[in-house]
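In UniProt numbering, the protein residues as written are 1 to 250.
No residue lacks a Cβ here, since even glycine has one placed at the ideal position from N, Cα and C.
The structure displayed is predicted, hence computed values, not measured ones.
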């Protein structure tokens, strides 16, 4: 006498189908000491809604002919999440994050706001998931759904692609050391700033402004150098290059 599925939420409410023979006219289906609600019944099957419970319980079917042999049903508690590996990422999604906690082995979905993705179960304490694309930049709740129920509590922030609209001053010496204010949009998660491919030290002032110190040129010579800002959501370059200008000589 098979039972499908053989596991469900400790809160109950799971639709369970029990198949076998001589099941017609079923008068009761017990999950341990609790009665399930019978929703359909014929000679070869009984469909019920599981009651709440915990642990492993025997399931029996009672008909006018007697009570069946027991089958095990496994109650699963709701998942618990403790760590989200990354709390922000690009609006386009596609980056993989991991979630650690307990009760994650039956995870079937991870929702980021209104958008959901199917996770990969690593173990009962860890899952990984490719973040779906977001509807708009900003924070959304993260919800994990397992056979035991759903659990939220994490927040994930979608970050829009950056733009660079300008910078000042426009030039400086090849030796570097010029403080350059770069303006644009979506710059708050800036991870690097380069001048002609050379890394510059920088400070994020706001979502629309970054202050960077021009690095020295690779060969010490003057010339143009493109400015590129890279954030969690991608990279953006200035429309015109920064000019390294040689100093006067007498």
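- DSSP, reduced to helix, strand and coil, places residue 152 within a strand of the structure shown.
- Taking a 10 Å sphere around the C-beta of residue 191, we find fewer than 16 other C-beta atoms and assign the residue as exposed.
- DSSP, reduced to helix, strand and coil, places residue 250 outside both helices and strands of the structure shown, so it counts as coil.
- Excluding five sequence positions before and after residue 210, the CB atoms of its chain that fall closer than 6 angstroms to its own CB belong to 182, 187, 190, 202 and 204, given in chain order.
- Judged by DSSP in its simplified three-state form, residue 131 adopts coil rather than helix or strand.
- Taking 4 residues as the minimum length, the segment 76–153 contains no alpha helix (DSSP H) run wholly inside it.
- Cβ-Cβ distances below 7 angstroms link residue 77 to 10, 103 and 148 in the same chain, with the five nearest sequence neighbours on each side left out; the list follows chain order.
- Segment contact: the segment 47–55 against the segment 32–39, three or more CB-CB distances shorter than 8 angstroms; contact assigned.
- Distance between residue 117 and residue 244, taken at the CA atoms: about 48 angstroms.
- Taking the CA atoms as reference points, residue 155 sits about 22 angstroms from residue 122.
- When secondary structure is reduced to three states using DSSP, residue 21 falls in the coil class, being assigned neither helix nor strand.
- Inter-residue distance for residue 129 and residue 98 is about 6 angstroms (C-alpha atoms, whole angstroms).
- With 16 or more other Cβ atoms inside 10 Å of its own Cβ, residue 145 counts as buried.
- Contact annotation: residue 164 and residue 227 have beta-carbon atoms nearer than 8 angstroms.
- Assignment of residue 198 by DSSP, reduced to helix, strand and coil, places it in the strand class.
- Between residue 173 and residue 247, the C-beta gap is smaller than 8 angstroms, which places the two residues in contact.
- If you check the CB distance, residue 180 and residue 80 do not come in under 8 angstroms.
- Nearest to residue 208 by alpha-carbon distance, out of 225, 233, 166 and 195, is 166.
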